[in-house]
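>
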Amino acid sequence: MAKNAREIITLECEVCKERNYQTEKNIKLQKERLQLKKYCKKCKKHTLHKEAK
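When you read off a place in the sequence shown, starting at 1, and then add 1, the result is the number in our numbering.
(1) For C1, which beta-bridge partners are listed by DSSP?
(2) If you draw a straight line from the alpha carbon of H50 to that of C44, how long is it in whole angstroms?
(3) Rounded to the nearest angstrom, what separates Q23 and Q36 at their Cα positions?
(4) Quick check: what's the CA-CA separation for K39 versus K29?
(5) What would DSSP say about Q31, mapped onto helix, strand or coil?
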């Protein structure tokens with residue numbers, strides 16, 4: 002059986018460290034950690050969210 006190339010990751014707010022979002026990424030194509038600017042409900046503004054370990 003083939004190994005799945007997609008991995009479920011959690012995005013963490015850089016300001017308050019709240020884990021707000023879950024998404025998938027292709028681990029074969031994206032080696033570096035994912036960084037997206039998303040809305041944080043706790044901070045009530047758009048902040049940088051990075052891939053959590």
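Where a beta carbon is used, it is the ideal one built from N, C-alpha and C, also for glycine.
So, from the data block:
(1) No information on residue 1 is available, as it lies outside the stretch 2 to 54 that the chain covers here.
(2) Position 49 of the sequence shown, counting from 1, holds the residue named residue 50. Position 43 of the sequence shown, counting from 1, holds the residue named residue 44. Between H50 and C44, the alpha-carbon positions lie close to 12 Å from each other.
(3) Taking the sequence shown and counting its residues from 1, the one referred to as residue 23 is at position 22. Taking the sequence shown and counting its residues from 1, the one referred to as residue 36 is at position 35. Whole-angstrom Cα-Cα distance: 12 Å.
(4) In the sequence shown, the residue the question calls residue 39 occupies position 38. In the sequence shown, the residue the question calls residue 29 occupies position 28. It is roughly 24 Å from the alpha-carbon of K39 to the alpha-carbon of K29.
(5) Here residue 31 corresponds to residue number 30 of the sequence shown, with the count starting at 1. Residue state, collapsed to three classes: coil.
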